[in-house]
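This report concerns only the one structure given below.
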Amino acid sequence: MTPTWLDTAETVDKVFLYIFGISLVLLVLITAVMVVFAIRFHRSRQPQPRDIPSSCLWLEITWTLIPTLIVLSMFWYGWQGYLSLANVPPDALPIQAVARQWSWSFVYPGGRTSPKLVVPANRSIRIDIISEDVLHSLYIPAFRIKKDAVPGMTTHVWFRAPETGTFDLFCTEYCGLAHASMITTVEVLPAADFEAWLQNDQPAADSAKGRQLLDQYGCLACHSLDGSTRVGPSFAQLVEGANRTFANDPDTTLSVSRAYIKRSILEPGSQVVQGYAAVMPSYLDKISEQDLQALVDYLLQPDKAKASGTPSAMDSQP
Ligand code: CUA
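If you read the sequence shown in the numbering used here, its first letter stands for residue -13, the second for the next number, and so on.
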């Protein structure tokens, strides 16, 4: 017999409702008995305390056996649920999730990457999770799945979305200052739309390439394009020739240049802009020379904030 795989949300909800239902019945019973006893054995009715015979075998057996069976049934039911979450259906579509401070990217078979998790409806999805730096945790409440991203190892979860829609995806392990920015979405598309999205992976035009890299490397979690303040200084102030002063070197003023931007990406701790904390992780060995050049080109564009209005590859999905 081939095993049938329930959707992860169904599996978890059944166990939850089972345990919640039993707890509710016990709560009502115990509270009722407590109230009855408080009235019946009140001092005004029973002025003299009475002993209860100490050996009452059937009572002992009953209150040992019934709770034991209840607890065992909870364990069995939960264990079945755990197994069906741990065993991935063999036809699942594998997608890699990469966690870093402070963004997610999802890598598809064939190499397409996306800052959102785009999946087809009604198909099992296997997510292999890796971390580039510290502990993170992938959490999609709608599908009741949560798994740590552990540096140096690959963990996995699977789920199946029964219907199309947009669902939240969080990091649920405190991973540093911008932990709360590690939010993205799961976009569940009809199967045909998903295939079209997957095929439609044209390299972005040069003008959109830089914007796409900002998404891919998670820069926008901490740096805005519109001048608003986030964890780090806004890219809007990054104009060639503009003066920068640094918290860790207050006597030096530098003007923004290619070399300055490259150094800020590869060795962010070497010059921390005044007013900000030294929290940016280094991108040394995490970004290719080609991507680095494209990013610097983009960041030096005077009208990049306007360019940010151009839809990224992700937004152009059907
Ligand atoms: Cu990543 Cu919290």
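A virtual CB, placed ideally from N, CA and C, is assigned to each residue, including glycine.
1) Assess contact between the segment 68 to 86 and the segment 7 to 16, defined as three or more Cβ pairs (one per stretch) separated by less than 8 Å. Is contact present?
2) What residue ranges within the segment 123 to 167 form continuous beta strand (DSSP E) runs of no fewer than 3 residues, ordered along the chain?
3) Does the beta carbon of A83 fall short of 8 Å from some heavy atom of the ligand CUA?
4) The ligand CUA and G162: does the residue's C-beta get closer than 8 Å to at least one heavy atom of that ligand?
5) Which term fits R244, buried or exposed, when burial requires 16 or more other beta carbons within 10 angstroms of its beta carbon?
6) How long is the line joining the alpha carbons of P127 and F156, rounded to whole angstroms?
7) DSSP state of P35, grouped into three classes?
8) Specify the secondary structure class of E226 as computed by DSSP and reduced to three states.
9) Whose C-alpha, out of F153, L71, D289, R31, is nearest the C-alpha of A107?
10) Tell whether a beta-carbon distance below 9 Å holds between I169 and R146.
11) Excluding the five sequence neighbours on either side, which residues of its own chain have a C-beta within less than 7 Å of the C-beta of S294, listed in chain order?
12) Please report the distance separating the alpha-carbon of S30 from that of F61.
13) Is the CB-CB distance between I247 and L224 below 9 Å?
14) Answer yes or no: does any C-beta atom of chain D fall closer than 9 Å to that of Q257?
15) Could you spell out the range, first to last residue, of the alpha helix (DSSP H) harbouring S59?
16) Can you determine whether any heavy atom of the ligand CUA sits closer than 8 Å to the C-beta of P123, and answer yes or no?
17) Distance, Cα to Cα, R26 vs F6?
18) Tell me whether L175 sits in a helix, a strand or coil according to DSSP, three-state version.
19) Going by CA-CA distance only, name the one from P101, I131, Q260, W44 that's closest to G67.
20) Using only the alpha-carbon positions, how far apart do G227 and S220 sit?
21) Here's the rule I'm using: 16 or more other beta-carbon atoms within 10 Å means buried, otherwise exposed. How should Y160 be labelled?
22) What residue range is occupied by the uninterrupted beta strand (DSSP E) comprising S274?
23) L12 by DSSP, collapsed to three states: which one?
24) Looking at C-alpha atoms only, which residue of H122, D179, P137, W144 is the closest neighbour of S167?
25) Check whether the Cβ atoms of A233 and W144 sit closer than 9 Å, and answer yes or no.
26) Can you grab the Cα-Cα spacing for the pair P95 / G64, in whole Å?
27) Using the DSSP secondary-structure output, state which residues sit across from A83 in a beta bridge.
28) Apart from the five residues just before and just after V217, which ones in its own chain have a Cβ nearer than 7 Å to its Cβ?
29) At which residues does the alpha helix (DSSP H) containing L252 begin and terminate?
Looking at the atomic coordinates:
1) In short, these stretches do not touch, since the Cβ pair count stays below three.
2) The qualifying runs are 131 to 135, 141 to 146, 151 to 157.
3) It does not: the Cβ of A83 is nowhere closer than 8 Å to a heavy atom of the ligand CUA.
4) Yes, the ligand CUA has a heavy atom inside 8 Å of this Cβ.
5) By the 10 Å Cβ count, R244 comes out exposed.
6) Each residue's alpha carbon lies about 8 Å from the other.
7) Looking at P35 - three-state DSSP - the assignment turns out to be coil, as it is neither helix nor strand.
8) It is coil, neither helix nor strand.
9) Closest option to A107, Cα to Cα, is F153.
10) No, Cβ-Cβ distance for I169 and R146 is not below 9 Å.
11) Bear in mind that the predicted position of S294 carries a pLDDT of just 46, short of 50, making it too unreliable to give a figure here.
12) Each residue's Cα considered, the two are about 44 Å apart.
13) With respect to the 9 Å criterion, I247 and L224 are classified as neighbours on the basis of their beta carbons.
14) Considering every chain present, this structure includes no chain D. It has just one protein chain.
15) Counting along the chain, the alpha helix (DSSP H) containing S59 begins and ends at 43 to 72.
16) The sequence given here has Ser at residue 123, not Pro. Yes.
17) Roughly 30 Å between the two C-alpha positions.
18) Of the three classes helix, strand and coil, the one that applies to L175 here is strand, per DSSP.
19) Minimum Cα distance to G67 is reached at I131.
20) Approximately 16 Å between the Cα atoms of the pair.
21) Y160 is exposed by the Cβ-count criterion.
22) Counting along the chain, S274 falls outside any beta strand (DSSP E), and DSSP gives it neither H nor E.
23) DSSP places L12 within a helical segment (H, G or I) once states are collapsed to three.
24) Measuring from the Cα of S167, the nearest candidate turns out to be H122.
25) The answer is no: Cβ separation not under 9 Å.
26) For the pair P95 and G64, the Cα-to-Cα distance works out to about 33 Å.
27) A83 is bridged to F92, I115.
28) Close CB contacts of V217 within its chain, under the 7 Å cut and outside five residues either way in sequence, are with L163, A164, C208, V265 (chain order).
29) That run of the alpha helix (DSSP H) goes 244 to 252.
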